[in-house]
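J.: Residue numbers (the working numbering): 402 to 581.
Ideal placement from N, C-alpha and C gives every residue a C-beta, glycine not left out.
Here's a structure for you.
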């Protein structure tokens with residue numbers, strides 16, 4: 402691992418996700434619980450500080466200027482601190498953007514709901530059961546949704562297609578909580 406910061410926001414988010422995944426696979430459950438509790442507390446600290454920061458920027462008339470920075474806008478968005486469009490609307494825009502591509506592969510995608518940062522979808526047609534299509538189309542869907550909604554944590558499909566995990570580590574969940 403390098404001490405150099407990643408070059409882009411996506412690089413940073415990808416490295417964070419890799420580290421969270423490594424922690425999640427640690428063999429000692431007590432160490433995993435402790436690490437995830439630590440991450441939750443750091444998140445709470447950051448959230449509280451960000452809420453105060455947004456309040457101060459807004460009262461000083463500087464919030465719009467701060468939101469011009471993509472990293473700042475991303476942070477405020479993932480913490481739900483600035484008004485914005487309904488995530489369902491943003492997800493639908495992303496799906497509309499990629500729907501033609503999915504249909505060109507003999508499939509379709511329908512939107513079910515958003516819960517927190519998780520988007521629930523159903524893949525239909527020829528894409529279901531084809532591993533290469535599932536991966537390619539899953540990545541295309543994820544990227545299209547992310548272009549419209551920075552709050553995306555993961556995409557879960559209702560069909561027999563495996564869930565697509567995304568690179569943004571916004572909600573930290575232990576495997577034991579996900580599976581049971």
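#1: Taking the alpha-carbon positions, what's the residue 631 to residue 541 distance?
#2: Does the distance from the C-beta atom of residue 438 to that of residue 495 stay below 8 Å?
#3: For the stretch 428-489, which segments carrying the alpha helix (DSSP H) assignment without a break, of at least 4 residues, lie completely within its bounds, in sequence order?
#4: Just mark residue 453 as buried or exposed, buried being the case when its beta carbon has 16 or more other beta carbons within 10 Å.
#5: Under 8 Å, with one C-beta from each stretch per pair, do the stretch 462-471 and the stretch 512-526 reach the 3-pair mark?
#6: Determine the DSSP secondary structure at residue 426, reduced to helix, strand or coil.
#7: Can you tell me which of the three DSSP states residue 508 falls into?
#8: Based on Cα-Cα distance, which residue from 497, 526, 539 lies nearest to residue 507?
T.: With the given structure in hand:
#1: There is no way to answer for residue 631, as the model of the chain reaches only from 402 to 581.
#2: As a first step, residue 438 is located in the chain shown; it is residue number 37 there, counting from the start. As a first step, residue 495 is located in the chain shown; it is residue number 94 there, counting from the start. Going by beta carbons, residue 438 and residue 495 fall outside the 8 Å limit.
#3: Taking only runs of at least 4 residues, the alpha helix (DSSP H) segments lying wholly in the stretch 428-489 are 430-460, 464-467, 471-479.
#4: In the chain shown, the residue the question calls residue 453 occupies position 52. Per the 10 Å Cβ criterion, exposed.
#5: No: fewer than three Cβ pairs fall under 8 Å.
#6: Looking up residue 426 in the chain shown gives position 25. Here residue 426 sits in coil by DSSP.
#7: Translated into positions along the chain shown, residue 508 becomes position 107. Strand at residue 508.
#8: For the purposes of this step, residue 507 is taken as the residue at position 106 of the chain shown. Closest option to residue 507, Cα to Cα, is 526.
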